[in-house]
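As they're listed, the protein sequences go chains A, B, C and D. Take the first sequence: its letters are residues 487 to 812, numbered as in our numbering. Take the second sequence: its letters are residues 68 to 643, numbered as in our numbering. Take the third sequence: its letters are residues 56 to 583, numbered as in our numbering. Take the fourth sequence: its letters are residues 207 to 516, numbered as in our numbering. Just so it is clear, CB atoms sit at the ideal spot from N, CA and C, and this is done for glycine as well.
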Amino acid sequence: MGFVARKLGLFALTLWAAVTVNFLLPRLMPGTPADAALAKLAQNGPVTEATKAAIEAQLGVPTGNIVEQYFAYLHQVVTLDFGISYTFYPQSVGELVSAALPYTLVLVGLVTVVAFILGTLLGVLAAWKRGTWLDSVPTLVGSFMSAFPYFWTALLLLFFAGYVLRLFPTSGAYGPTAQPNLSFEFFGDALYHGVLPALTILITSLGGWILGMRNTMISTLGDDYVTFAEANGLKPRTIALRYAARNAILPNLTSFGLALGGVVGGSILVEQVFGYPGIGYLLFNAVTNQDYPLMQALFLMITVSVLIANFLVDILYGVLDPRTRR
Amino acid sequence: MTPTPFSQTPPAANTTLLEVHDLSVHYGYGAGATKAVQNVSFRLAHGEFVGLVGESGSGKSTLGFALTGLSKPPAHIEKGRILFGGKDIASLDAEQLREQRHGGIAMVLQSGMNALNPVRSIRNHFVDIFRAHGHVERSRWTARATELIGKVELTPQVLDRFPGELSGGMRQRVSIALALSLEPELMVFDEPTTALDVLVQHAVMNTIIELQKSENFTAILISHDLGIVLESAQRVMVMHEGRIVEDAPARQILQNPQAPYTRMLLSHYADPRAEVVELPGFADRQQRKAEGASRTEAATHTPTVSPRTRRTDQHAMVVENVSKIYPAPRRGEAPVRAVDNVSFTLEPGAALALVGASGSGKSTIAKLITAVEKPTSGSIRFGDLDVGKLNRRHFRRLHRDVQMVFQDPYSALNPLHTVEYALTRPVINFTGLTGTDARRRVLELLDIVGLSPVEEFAAKLPHQLSGGQRQRVVIARALASDPQVIIADEPVSMLDVSLRAGVLALLEDLREQWGVSLLYITHDLLSARVVTDNIMVLNGGAVVERGVTADVLQNPQDDYTIRLLDAIPNPRKVVA
Amino acid sequence: ACSIQIQSAPDPSIPDDTMLVAADNGSPLFEKNFNPFMINKRVAAFYMYEPLIVLDNLNAEEHPWLSTGYTQPDPSTIVFAIRDGVTWSDGEDFTAADVGFTFQLLKDNPSLDLQGIWSYIDTFEVGTDTVTVHLTAPDVPAAQLIASTTLIVPEHIWADVEDPTTWRNPEPVGTGPYTLGNFAPQQYTVDKNQDYWQADTVAAEHLILPATNTQLDVATKGYDWAYSFISDVDGAWVDAGNQNTYWFPPGGTIALFPNLTKAPFNDVNVRQGLSTALDRGMVGDAAAEGYMDPAGQTNILLPNQADVLNPEIPDSGLITQDTAKALEYFAAAGYTQQGGKLVDASGTQLSLTITTAAGYNDWLKGVQEVQKQWGAIGVDVKVESPQPAAYTLALRNGEYDFAMGATGGTGNTFRDFNNLLSSEWVKPVGEEASNNFERFSDPAVDEILADYKVALDPEEQADLANQLQQVVYDQIPSISLYYGGSWGLFSNAKFTGWPSADDPYASPKTYESTPLLVLTNLKKVNDD
Amino acid sequence: MTTSLPPTTAAIRAPLSTIDAAPSPWKVVVRVASTVWSNGKARIGLVMLAVFILLAIFAPLIAPYGARETGFERSADGSAAHWLGTTAAGEDVLSQLLYGAQISIFVGLVAGLLSTIIAVLIGLSWGYVRGFGADVINFVVNLFLVIPGLPLMIVIAAYLSGGGIGMIIVVVVITGWAWGARVLRSQTQSLRSRDFVTAAVFSGERPFRIVFREILPNMTSLIVGNFFGAATAAILAEAGLEFLGLGDSTVVSWGTMLFWAQNSNALLTGQWALLFAPGLCIALLATSLTLINFGVDGISNPRLREGTKK
Ligand SMILES: Nc1ncnc2c1ncn2[C@@H]1O[C@H](COP(=O)(O)OP(=O)(O)OP(=O)(O)O)[C@@H](O)[C@H]1O
Ligand SMILES: Nc1ncnc2c1ncn2[C@@H]1O[C@H](COP(=O)(O)OP(=O)(O)OP(=O)(O)O)[C@@H](O)[C@H]1O
Ligand SMILES: [Mg+2]
Ligand SMILES: [Mg+2]
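The following block contains the structure:
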């Protein structure tokens with residue numbers, strides 16, 4: 487019992503510290519949101535003092551000292567009301583996040599899961615057929631692809647599939663005139679627009695899963711229970727999947743948990759290149775424009791989802807690994 | 068249920084089941100290859116029970132894997148043929164080989180503890196086999212699994228458990244039941260009882276012997292323990308450095324061993340209950356006592372620094388009413404009472420044996436005495452040190468006087484440090500010697516434990532040493548601080564018989580020569596008999612019997628002690 | 056020079072009377088916000104709401120718009136004559152009362168007063184077809200600011216708005232040439248206002264404004280109008296087909312601001328030395344890939360504002376690189392060249408840091424060229440490029456040695472000089488100044504500016520402007536480098552009449568009010 | 207020798223012929239190196255890395271022009287004078303590529319090294335200490351694992367702007383050490399329960415020495431693997447930060463080349479080599495490290511060694 491309490495205490499402490507860091511991070515950056523807005527305006531010509539005052543008034547730039555701000559922020563965290571975004575004034579943070587989240591969750595989430603499953607399967611195959619082309623091709627191609635810079639892959643895909651071959655749309659999450667709704671048509675449209683970003687994430691993340699799975703699987707293949715299963719004449723498929731792969735997948739779940747937790751953060755570089763209206767795009771805008779309210783909310787969301795994903799993986803671990811069942 | 072293999076009538080059909088012809092198995096290729104099995108030939112008739120003995124690394128498992136077609140790279144059959152029922156195993160393709168595993172050769176792996184898939188229930192293990200071979204109808208799966216699990220004396224409830232929920236002995240039995248489910252003609256048991264408790268080991272062996280009788284399969288029993296093999300097999304093959312050096316009926320091996328190696332193995336068996344116990348290198352203790360110090364004098368060893376001279380005070384280790392309770396390993400279970408109200412005093416210069424089956428709390432006591440763990444209650448005192456409440460920072464004070472010889476010489480030495488480094492550290496830390504003085508002391512220590520030429524050994528890395536040599540280094544390290552108490556926690560259980568006696572003799576010698584007191588922890592009653600004066604028998608953390616070693620072993624009072632003594636494999640018992 | 060030439064391929068479903076415009080960027084989606092007083096409004100609000108006059112900041116020309124003109128009976132009074140016959144897009148009449156309402160709205164809600172007109176206005180009166188504004192102090196040029204930046208909104212709608220500071224005005228009703236058509240988060244359209252007061256001048260029936268307009272999009276998707284710098288514009292834009300053309304007139308002066316509170320930059324000789332050591336042509340080339348001209352040291356945009364230029368200043372104010380002369384200046388300031396380094400009497404090298412903003416890449420390239428050139432005469436130059444917010448803060452606080460920045464180009468000559476030179480802006484280092492970041496302060500110049508502020512006579516204005524140009528030329532409050540471009544990309548495929556070097560009637564900008572000039576000047580190609 | 211050893215234990219006196227010369231640290235290095243080299247994939251990786259390093263070192267000799275040398279025709283296609291064409295600013299792409307290797311390799315190696323050192327220091331102490339100290343470290347590491355990586359990088363980069371390459375390294379290190387620390391901790395925990403560690407306690411060794419002399423050397427392969435992983439991540443992170451314009455765009459690195467390429471829309475002007483080449487170089491450099499890791503894996507886990515088939 488003391489053990490559980492300690493774990494919970496630690497969890498709460500981590501959460502609090504993360505929340506606090508999220509508060510401090512934006513404020514550590516030099517300049518205020520108004521400066522960021524001014525810098526943007528100044529590109530079009532000189533800005534007067536009155537303008538700055540008006541901007542500050544419009545944005546509702548935080549007042550009070552840092553301690554007061556901190557408590558106001560804690561209050562926001564508790565009530566989950568993060569106020570109005572500076573960058574996207576007068577839109578509220580809630581509005582923005584709820585508009586962006588579905589796209590990110592579906593795109594990045596789906597691709598992460600697909601990449602994990604596909605990579606894991608290929609890794610299993612590579613380890614099982616060790617030394618054959620089924621091993622060397624996925625591992626070599628996988629390690630090569632996982633070394634691609636995200637944005638570079640995105641740019642190349644965008645250019646060749648988008649502009650030269652004109653196979654896929656080049657930006658946005660759906661057609662220019664579409665209004666987001668729950669129709670079949672819109673869904674298809676959104677899917678079509680998701681192909682290139684999805685492909686980018688898939689290409690660059692697949693290799694990691696292949697290599698990870700291959701390595702752990704090769705280790706389990708040498709385990710005694712695999713040899714014993716062979717000695718008992720089990721079908722190769724059974725041995726590969728239910729014996730070797732089933733055990734090898736466990737260590738990879740931790741990485742999967744972190745990756746899943748990262749989904750909420752979106753994929754900044756990919757969303758940036760494809761102008762995809764997800765959380766990553768929002769985040770980049772928030773950070774470069776010093777949009778405290780938006781940044782705080784997004785950071786909190788990402789932090790909490792990583793914590794939750796890890797927690798869920800712990801539970802999954804319990805389900806998949808009888809040894810941890812208590 | 069004492070097995071009596073020799074009373075059994077020899078197999079009726081004397082037809083050949085397995086024929087191995089000039090078999091060599093190598094690991095790797097070319098000059099660097101390990102020739103694990105060399106030019107081995109033998110025949111096996113239906114229904115035979117054959118033992119295969121040999122020390123660690125002699126190629127037993129390699130041979131076993133080759134016979135069952137389980138050799139994996141880098142292992143490969145360099146030459147020779149294995150004919151099973153007239154068919155060459157090497158000629159079969161993967162699928163044919165897989166199919167012949169039903170009704171063919173089954174193998175129970177050496178590490179039976181790990182042979183089960185930790186994430187699959189026992190029932191599923193059976194189901195996988197049934198499904199793979201289709202020899203049991205789906206409707207009969209449960210019935211058949213229950214039947215098989217019953218044959219190894221387990222209850223049907225076990226079917227729904229996961230391997231991690233079973234004890235080592237139970238897992239070993241499950242492995243055997245799984246192998247049995249293949250209805251094999253030939254079963255290869257590779258060390259089916261290593262890593263098991265003496266009592267459990269005894270029980271598992273009995274099961275195997277009974278099964279072989281009732282199911283009438285042909286069996287090969289691989290073991291490094293000649294005692295176990297002789298107790299059960301009709302015919303014994305002795306393996307040494309990849310070759311079979313002797314192949315003869317059990318009785319003949321025992322009475323008239325031919326190979327010198329076989330003879331050496333046999334010489335290391337004795338009955339701890341005997342009036343006089345002699346092992347190679349050991350005269351009987353009582354006798355030696357009677358002869359006085361003559362033997363010690365014979366060893367004209369004069370160390371340059373006499374360690375004892377610096378000591379004015381000698382302390383006893385006083386353990387009073389000590390208990391150690393570990394928190395429950397799983398929720399809802401009771402806490403583990405690892406040590407239960409144990410009291411004893413280890414006088415200066417005395418040798419005390421601590422025996423008991425696995426889990427009886429022996430190692431825990433060692434940890435308590437060395438302050439690695441703190442007792443839940445009771446007190447441990449060593450001179451003015453209250454060991455039970457010792458702070459980490461004061462460990463050095465304790466370890467100057469109380470040292471430990473570890474069970475496993477393979478893991479007790481850092482593979483990356485030379486012998487010299489391993490010995491120099493305690494010398495510097497405890498004696499304050501530095502530079503050439505420290506080095507001189509290190510060489511002296513090597514000399515004391517008989518590793519010479521000392522300079523050469525000082526420069527070696529652990530992997531360049533044999534197990535016995537390693538254990539000597541470990542002992543030398545324990546001596547480096549010039550301690551008063553040495554705790555030896557199963558110091559020879561990881562060593563081959565051929566190495567055991569030497570290490571034990573060394574310990575014994577040291578005690579006599581340097582006057583250190585020895586706490587000898589073991590489940591091996593024979594070795595306890597030869598190196599200690601007094602003995603304590605532990606069961607479930609509590610002391611069930613204590614007294615002079617020879618008395619207790621010859622005339623055990625407690626039931627548990629008697630069972631322990633019974634479980635000791637002893638080839639001579641067979642002929643007796 | 057293109058190995059893979061991207062071809063423009065206009066979407067055939069866009070009809071001939073419809074224009075594809077890269078004017079508005081979503082982030083990345085559009086928020087339906089047409090409140091013209093908000094910083095995050097949709098750009099098309101500028102096509103729906105109109106000012107009293109449209110000021111073309113390129114050539115400083117005023118175009119009467121919702122006001123047919125204004126008079127200034129004295130330097131602190133402005134009388135706007137309100138145009139007759141204008142209706143709101145919902146059919147209501149536009150009146151002087153609407154103008155008065157708008158002024159009052161900005162007074163009541165200071166956060167909407169982005170241009171700070173109420174820092175000039177004291178009171179105003181609404182007549183039948185005039186609005187009279189009384190200023191707090193004599194200030195002739197304020198009229199232009201008030202008239203050109205205040206977008207007039209309808210009283211009959213805005214009077215009922217509960218909180219105009221957050222209202223997003225989803226169904227905008229304005230006087231402008233366009234009304235809102237379809238709105239989707241990734242693209243919206245505006246339709247021609249058929250009852251527009253000069254409807255016959257508006258050629259395009261519809262404008263399409265997508266939310267993402269990457270350069271690749273602009274070049275490939277057949278845009279008709281975009282405001283964007285494209286590298287190798289001839290190869291990438293013109294050669295892409297679709298009758299593409301471009302015009303990059305100067306829209307401001309990119310300059311280096313010396314920090315005049317710091318020695319030795321407060322020494323005019325040092326500034327002259329640094330200025331004369333620069334080859335501005337190369338700096339401009341590096342920054343704008345050869346598309347922009349070097350800027351003269353007069354704070355006047357050429358050629359558009361040539362008529363304001365002081366004819367007595369040699370070479371139109373353009374300083375040519377002259378190392379020998381630069382070294383003379385430095386010598387006067389006590390710096391000599393030693394072993395390739397420019398050192399003062401004590402042997403310390405002249406060293407400075409140039410601050411520019413991260414992400415303003417043309418500036419950065421220009422700065423790097425400056426660094427090279429100054430380095431060549433022995434000045435040790437470091438470059439810093441903090442994030443825009445931090446850069447702005449450093450600039451405003453006067454915490455820098457030299458900073459890149461833009462000056463001029465407001466379209467109002469007085470303001471161009473006032474912002475640069477007036478000591479009214481000067482704040483101590485560490486406090487934020489909103490203009491005159493270099494902290495130039497000269498009572499004589501202040502006097503000229505004060506005169507200029509109340510001068511009603513164009514002759515007098517011209518004379519004062521000449522004096523101010525001389526000040527900039529002699530005292531170097533900022534080292535002009537090159538002109539910042541206005542990056543107009545046009546296609547003649549559907550519409551012609553775009554502003555160009557031959558017909559520089561308006562800035563090519565797609566935002567603010569100058570597009571009104573363009574939109575009312577275009578002609579359809581296929582008029583059928 | 208006259209110890210009272212029984213005759214049957216003669217076996218203990220090992221065949222002395224097998225005694226090797228005193229082991230030198232170089233032998234260990236050679237052994238590790240040869241294990242890595244024996245792996246085909248690692249061999250390819252090492253050769254690739256060597257080529258990159260040589261190109262970087264000798265860039266001033268090989269490169270046809272200076273990295274920042276301008277004045278050539280802008281946005282030109284490949285030609286005899288400029289094999290890979292020129293940039294929009296009129297610089298030679300090939301020369302930039304060669305000089306850019308210096309930065310990418312430098313960042314990769316230094317950031318990889320630094321974050322490995324931090325991971326080792328923290329991971330090992332975390333694995334060895336118990337109680338409150340472990341909780342504190344656990345807390346800090348969890349924090350760094352939980353805080354989103356790229357955003358943190360962006361914030362730090364924005365905060366430290368103007369620091370050039372050093373700043374990038376700091377950012378990559380700050381955000382990159384935690385994962386390695388976690389991996390090293392679990393390995394430390396499993397090693398600390400080994401007998402030789404307990405034996406070191408009995409030898410009177412102090413914790414610091416136990417951690418760094420007894421445990422650390424046994425994790426060599428893991429640490430080396432961690433280093434290559436961290437270096438790969440650093441190379442990619444540097445490119446990403448530069449690409450987002452958060453780095454120091456005045457230096458010439460592959461990342462800034464991509465940044466400028468994107469900025470001047472190299473694809474639009476047909477300068478595909480300008481975009482393609484640096485990205486490919488990053489990918490190849492990172493691949494070389496990944497490939498070397500295959501060999502490093504084999505040191506600690508023999509099962510991952512390549513089968514020595516004929
Ligand atoms: N995978 C392997 N690669 C190389 N050499 C091996 C391998 N497995 C075993 N060996 C070597 O082959 C020889 C025989 O090993 P084997 O496992 O058959 O011995 P064993 O008699 O079963 O010993 P034990 O009693 O310890 O189980 C030993 O020298 C061993 O070091
Ligand atoms: N750290 C621990 N936490 C919980 N239980 C423990 C711990 N260490 C030992 N135990 C339990 O205490 C009991 C005694 O263990 P101990 O290791 O002393 O036995 P042993 O006699 O040395 O056995 P073996 O012969 O197998 O070494 C066992 O039931 C064991 O499971
Ligand atoms: Mg074996
Ligand atoms: Mg024990």
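State yes or no: is the beta carbon of A:Pro512 nearer than 8 angstroms to at least one beta carbon in chain D?
Answer yes: the Cβ-Cβ gap between A:Pro512 and chain D drops below 8 angstroms somewhere.
Just the C-alpha distance for A:Val599 and B:Asp563, rounded to the nearest angstrom, thanks.
A:Val599 and B:Asp563: Cα-Cα distance of roughly 52 angstroms.
Between C:Tyr537, C:Trp553, C:Ala259, C:Arg138, which has its C-alpha nearest C:Ala343's C-alpha?
With distances taken between Cα atoms, C:Ala343 lies closest to C:Tyr537.
Can you give the Cα-Cα distance for C:Phe158 and C:Met337, rounded to whole angstroms?
Going by the C-alpha atoms only, they are around 47 angstroms apart.
Runs of 4 residues minimum, wholly inside the stretch 106 to 159 of chain B: which ones carry the alpha helix (DSSP H) assignment?
Qualifying alpha helix (DSSP H) stretches, in chain order: 127 to 134.
So A:Ser691 is in the alpha helix (DSSP H); what residue range does that whole segment cover?
Its alpha helix (DSSP H) spans residues 670 to 707.
Give the residues of chain C in contact with D:Ser301, contact being defined as C-beta atoms less than 7 angstroms apart.
By Cβ distance, chain C contributes nothing, its closest Cβ being about 16 angstroms from D:Ser301, past 7 angstroms.
Cβ of B:Tyr328 within 7 angstroms of any heavy atom in ligand 1?
Result no, Cβ not under 7 angstroms from ligand 1.
Using the three-state DSSP reduction, which class does B:Pro70 fall into: helix, strand or coil?
Annotation note: pLDDT 40 at B:Pro70 (below 50); position unreliable, no value reported.
Shortest alpha-carbon distance to C:Gln524 belongs to which of C:Leu571, C:Tyr346, C:Gly463?
Ranking C:Leu571, C:Tyr346, C:Gly463 by Cα distance to C:Gln524 puts C:Gly463 first.
For A:Val505 and chain C, any beta-carbon pair shorter than 8 angstroms?
By this cut-off, A:Val505 is not an interface position.
How about C:Thr230 and C:Val141: do their beta carbons lie closer than 8 angstroms?
The answer is yes: Cβ separation under 8 angstroms.
So for A:Glu757, helix, strand or coil by DSSP?
Helix at A:Glu757.
Compare the C-alpha of C:Ala449 against each of C:Ser562, C:Ala412, C:Gly290, C:Asp111 and name the closest.
Taking only the C-alpha atoms, the option nearest C:Ala449 is C:Ala412.
Given that A:Asp521 touches chain C, what residues does it touch there, using C-beta distances under 7 angstroms?
Chain C residues near A:Asp521: Ala444, Thr447, Leu448.
Is any non-hydrogen atom of ligand 3 found closer than 7 angstroms to the C-beta of B:Lys139, if you look at the structure I gave you?
Answer for B:Lys139: no, Cβ out of range of ligand 3.
For B:Val87, which three-state DSSP category applies?
B:Val87: strand per DSSP, three-state reduction.
What residues from the stretch 398 to 423 of chain C come within 7 angstroms of chain D, judged by C-beta to C-beta, listed N to C?
Taking 7 angstroms as the Cβ-Cβ cut-off against chain D, the residues of the stretch 398 to 423 of chain C that qualify are Ala413, Gly414, Asn416, Leu419, Lys420, Gln423.
Would you report the Cα separation of A:Ala726 and A:Leu720, rounded to the nearest angstrom?
The straight-line gap from Cα to Cα measures roughly 10 angstroms.
Is D:Ala405 buried or exposed, if buried means 16 or more other CB atoms sit within 10 Å of its CB?
Classification for D:Ala405: buried.
Could you confirm whether any beta carbon from chain A is found closer than 8 angstroms to the beta carbon of C:Arg494?
Cβ-Cβ to chain A under 8 angstroms: no for C:Arg494.
Is B:Arg596 closer than 8 angstroms to B:Ala572 when the C-beta atoms are compared?
For B:Ala572 and B:Arg596, no; Cβs fall outside 8 angstroms.
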